[in-house]
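Data block below; observations after.
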Amino acid sequence: MTETHTYVLSGYSGTPTTATVTIQSFDRPERMRRALKGLGKFWAFAVGSVFIPVAHFLLVPAFSLFGAYTFFERLGARQVVTTAEGTCPDCGRTQQLETGAGGGGRWRVPRDVACRYCQRSLRIS
Ligand SMILES: [Zn+2]
């Protein structure tokens with residue numbers, strides 16, 4: 254399920270503009286599926302690393318732990334941002350906002366982002 258929300262994007266000066274954020278919601282079975290997929294991928298790497306001499310002492314526990322971390326992170330992620338777009342109130346340029354969308358993490362506001370053109374910090378609220 255995907256929904257679009259409009260937030261206020263404010264900077265240091267000028268009038269605040271709006272940011273359009275597309276959020277994908279996952280219900281319980283979907284979250285479990287995503288979580289298991291993440292776990293399966295990293296545990297497959299862990300098993301694959303068993304056969305690499307010496308490095309396996311480090312790689313096997315690292316992949317196992319990261320798999321577990323991904324599992325719990327995804328299990329709790331009810332809402333994930335797919336795209337966020339807004340116009341910087343300070344320099345007036347429309348852009349994709351860096352919200353960590355690729356990471357698959359949770360969405361919450363207020364969130365601080367930086368304008369990719371004038372580098373000023375903006376707040377989505
Ligand atoms: Zn700017």
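My numbering runs 253 ahead of the 1-based position in the sequence shown. Glycine included, every Cβ here is placed at the ideal spot set by N, Cα and C.
Supposed contact pair residue j and residue i - C-beta distance, whole angstroms, cut 8 Å
i: valine 333; j: glutamine 277; result: 5 Å
Rounded straight-line distance, which links the Cα of residue j to that of residue i
i: leucine 375; j: glutamine 349; result: 13 Å
i: methionine 285; j: tyrosine 322; result: 14 Å
i: glycine 264; j: alanine 367; result: 10 Å
i: arginine 281; j: glycine 339; result: 31 Å
i: tyrosine 260; j: tryptophan 296; result: 38 Å
i: glycine 267; j: valine 274; result: 21 Å
i: aspartate 365; j: arginine 373; result: 10 Å
i: methionine 254; j: phenylalanine 319; result: 27 Å
i: cysteine 344; j: threonine 335; result: 24 Å
i: phenylalanine 279; j: alanine 330; result: 8 Å
i: phenylalanine 325; j: glutamate 283; result: 14 Å
i: tyrosine 370; j: tryptophan 360; result: 24 Å
i: leucine 312; j: lysine 294; result: 14 Å
i: valine 307; j: lysine 290; result: 28 Å
i: serine 302; j: histidine 309; result: 5 Å
Pair within 7 Å by beta-carbon distance, residue i and residue j
i: phenylalanine 316; j: phenylalanine 298; result: yes
i: proline 342; j: threonine 257; result: no
i: alanine 288; j: leucine 328; result: yes
i: threonine 352; j: alanine 337; result: yes
i: leucine 262; j: isoleucine 377; result: yes
Contact test: residue i Cβ vs ligand 3 heavy atom, cutoff 6 Å
i: glycine 293; result: For ligand 3, the structure offers nothing, since it holds only ligand 1.
(request) Note down, one range per segment and in chain order, each beta strand (DSSP E) of at least 3 residues found wholly within the region 294-348. (result) 332-340
(message) Residues around ligand 1, please: the condition is that the C-beta lies closer than 5 Å to some non-hydrogen atom of it.
(response) Cys341, Asp343, Cys344, Cys368, Tyr370 and Cys371
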